Amino acid sequence: MTEYVTKEAFEKFKAEDFAQVRQDLTVLTVKVDTLTTEVAALPTTSDVKVLIHEAFKEARGTAISLGVMIAVITGTIIAILSFVFSVYVGH
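Listed below in structure tokens is the structure:
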């Protein structure tokens, strides 16, 4: 047996039963839009490669500077020890 409903009853059914679905869909749409914006802001592979290259270049420069500083300090210590030994041996 077929049952018929009025248009008003169907509209009321849609409004009540689909209200939560409509709200969830709106929230989901906002979340997807936000996620799309966040994903667009992520660095690309080429950006990451540039960052890694710059980090290695800076680390290499720091290592060279540190090596030069160690060499200067070592040279200074050797010069001081040589002077101290020459003064000590000279007396």
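In our numbering, the protein residues as written are 2 to 92. Using N, Cα and C, we set each Cβ at its ideal position, and we do this for glycine too. Source: prediction; values computed, not measured.
| Query | Result |
| --- | --- |
| Could you tell me the alpha carbon to alpha carbon distance between VAL88 and GLY76, rounded to whole angstroms? | 18 Å |
| Classify ASP11 as helix, strand or coil using the three-state DSSP reduction. | With the sequence shown as reference, residue 11 is identified as Phe, and Asp is not the correct amino acid for it. DSSP places PHE11 in helix when its eight states are reduced to three. |
| Expressed to the nearest angstrom, what Euclidean distance is found between the alpha-carbon atoms of VAL22 and THR37? | 22 Å |
| Can you give me the C-alpha to C-alpha distance between THR46 and THR63, rounded to a whole angstrom? | 26 Å |
| Distance, Cα to Cα, GLU59 vs LEU26? | 48 Å |
| Would you identify the three-state DSSP class for PHE19, choosing helix, strand or coil? | coil |
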